[in-house]
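A short worksheet on the structure shown next.
Residue numbers (full-length UniProt numbering): 1 to 516.
Next comes the structure, spelled out in structure tokens:
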């Protein structure tokens, strides 16, 4: 009965050990094979041109000087043709220069760091929640979320949430917005030396707090910006709105010459704390924290020398046509009339689908030809032969040196690390930002970039991929190219703590606590 399997088992056992490679060596060999393939395809054109250039040089060396003299005489007698050809070339070059997109430079950016007295420890969080009248079931749910959230006990909540009872008034919400936005902008203007009057475009995004006058008007009033400034206020667009704001500013810089654009990304906690007991609406209380960032963009050629990055691509994906995607992050009232943001159980699956659509568009713009060929070949085999072939996941590590994944929560970072086949080092900035500052919404990708700068990891020529997800449902990407070896900006939010990071986490808990 076992005659069919015994010989093969015996043969395997009889195989000399030195003829079989250990698993880790097989994986190393596969890695180097793929790396060799990548370099071959990347430099294929160069390798093909070298023999052609050698032939041309050999033929040029054999050319008789009389032949060159005859060619010169021929061109002299066809002066009209030469002039027409020259005119066409000049015209084409002029059209190209006038119509090509203007480069957009990121001169600098600043992240707001709240004062230490706004830090909230888990014990204090739970004590305040209990005094606010949450049910025992809701309190236990929040405790479990906090412990496994990946957040430290140094994140910040606004002044109004430290009060007992909490004071989520309009005045306090305005005070929070002003403190965060003006704090980031003060640092930005001081670091760059740019005068507020020189700013020609202003874009502000804040999803859940949209007073009248608007947040952008508050900035215009505070810094006395010029009367013809192009100002925009984006609301209700979720955690991915920071990339949308960058895209809008880039479009404005294509139209308006020789100017600066300022982008301010923030979220407001004061009036958006949920005081009910529905579990799906309690999660934002445990994750969202105070934060904001201000970014200075320029289309002035003179700013290239001092700019940190140039903007290469922005790719936006909107899945709002699908009802599940539209409703997966939804602001509503619970049965008791208490307002909050509900997170669907389908959120991660929807985010994965949005990411797939986004990278399908982004891939051809950034991936090397070697990866595009592998992806295309897998697709052809699957379509033509109806084969059960796993879809090939392009290796985005060949396209980017750094990844800024929106620090929306542990699950978001884990999912992208798995789907994009990234290493722990690639998601370190995202995990540490979540740990130190919590989910600061649309500004989290800037705290992550500040972390990389503080570690001294961003070098000239490096490529950075910022990925953000938001309600709607949206997945947006921005690609930056480092123009120099980047040093951290003055007053970086990591100044006083970068030496403590990275911390090792087990299930979202620092190892020293997990072992207790």
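Backbone N, C-alpha and C define an ideal beta-carbon position, used for all residues, glycine too. All of these numbers come straight from a predicted model, not from anything done at the bench.
DSSP assignment within the stretch 256-322 yields the following whole beta strand (DSSP E) runs of 3 residues or more, N-terminal first: 260-266, 292-298 and 309-318. Just so you know, the alpha carbons of residue 87 and residue 69 end up roughly 25 Å apart. Across the set 219, 150 and 118, the C-alpha of 150 shows the shortest separation from the C-alpha of residue 504. Distance from the CA atom of residue 311 to the CA atom of residue 103, rounded to whole angstroms, is 7 Å. Boundaries around residue 339 are those of the beta strand (DSSP E), 339-343, since no alpha helix (DSSP H) includes it. Here residue 423 is exposed: its Cβ has fewer than 16 other Cβ atoms, across all protein chains shown, within 10 Å. Contact check between the stretch 152-161 and the stretch 134-144: fewer than three CB pairs, one atom from each, fall below 8 Å, which does not count as touching. DSSP places residue 121 in no beta strand (DSSP E); its state is neither H nor E. The three-state reading of DSSP puts residue 190 in helix, counting H, G and I together.
Nearest to residue 322 by C-alpha distance, out of 331, 354, 294 and 332, is 354. Residue 198 sits in a helix when the DSSP states are folded into three classes. Annotation: the continuous alpha helix (DSSP H) that includes residue 141 extends over 136-148. The three-state secondary structure of residue 230, taken from DSSP, is strand. For residue 436, the closest alpha carbon among the candidates 472, 501 and 470 is that of 501.
Between residue 450 and residue 394, the CB-CB gap reaches or exceeds 8 Å.
Per DSSP, reduced to three states, the secondary structure at residue 494 is coil, with no helix or strand assignment.
Straight through space, the alpha carbons of residue 378 and residue 81 are spaced by roughly 49 Å.
Excluding the 5 residues flanking it on each side, residue 430 has same chain C-beta neighbours closer than 6 Å at 405, 407, 413 and 448, in chain order.
Straight through space, the alpha carbons of residue 471 and residue 191 are spaced by roughly 33 Å.
Taking C-beta separations shorter than 7 Å and ignoring five residues to either side along the sequence, the partners of residue 173 in its chain run 209, 268, 270 and 271, following chain order. DSSP, read as helix, strand or coil, puts residue 475 in strand. Under the 10 Å beta carbon count, residue 67 is surrounded by fewer than 16 other beta carbons and is classified as exposed. Contact check for residue 105 and residue 297: beta-carbon distance about 7 Å, within the 8 Å limit, so the pair qualifies. Fewer than three beta-carbon pairs drawn from the stretch 364-379 and the stretch 331-340 are found closer than 8 Å, and the two stretches are therefore not classed as touching. DSSP places residue 64 in no beta strand (DSSP E); its state is neither H nor E.
About 19 Å separates the CB atoms of residue 259 and residue 233; that is not less than 8 Å, and the two are not in contact.
Under the DSSP assignment, residue 470 falls in the beta strand (DSSP E) whose first and last residues are 463-470.
Rounded to the nearest whole angstrom, the C-alpha separation of residue 476 and residue 205 is 15 Å.
Going by beta carbons, residue 252 and residue 211 fall outside the 8 Å limit. Contact check for residue 166 against residue 111 fails: the beta carbons are separated by 8 Å or more. In the displayed model, residue 332 falls within a strand according to three-state DSSP. Under DSSP, residue 105 shares a beta bridge with 298 and 310.
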